[in-house]
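To start, the structure under review is shown below, and the notes come after it.
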Amino acid sequence: MIAAIIIAMILFMLLPTINLININVSRIMERAGEIGVRKTFGASSWTLVGQFIVENVMLTLFGGVIGFALSRFALRFITGSGWFPYAQFHLNHRIFLGGFVLAVFFGLLSGVYPAWKMSRLHPVQALKGAMQGGVR
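Residue numbers (this note's numbering): -3 to 132.
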């Protein structure tokens, strides 16, 4: 039973990660011209990969902060509503820290492939915007 729950949790977390990868690929493809210019002026592939991974982790953490704020508001609302008499709901800081670590992990996981794909693009192809078939 525990193994089934763990597998379900992994699959549940994998779906948003795949969605983030697709969003990041399209976001990075829109910036092909910028990447081509940076590569033309000597930016290394590692520099570009680092930039996109940091951007992705920051976006993921921003979403985590919004989720934290909304959960805090929801817990205060439920506690004050009286729906559950004698119950006091509050944030658990260990759970918050675990969620923070998961946000960083999935931010890295969803940012590595798109960043690697774009870093391998030839500058001329990036400047032309020819993304399809241009990655080797």
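Here a beta-carbon is modelled for each residue, glycine too, at the ideal position from N, C-alpha and C.
- Excluding five sequence positions before and after T56, the CB atoms of its chain that fall closer than 6 Å to its own CB belong to A99, G103, given in chain order.
- Between the region 71 to 89 and the region 21 to 39, the count of Cβ pairs shorter than 8 Å is below three; the stretches do not touch.
- Cβ contact annotation for L71 (same chain, cutoff 7 Å, sequence separation greater than five): F85, H86, L87, in chain order.
- Shown here for F92: same chain residues with a beta carbon closer than 7 Å to its own, the five before and five after excluded, namely F64 in chain order.
- In the structure shown, Y109 falls within a helical segment according to DSSP collapsed to helix, strand and coil.
- Secondary structure at H89: helix, using DSSP grouped into helix, strand and coil.
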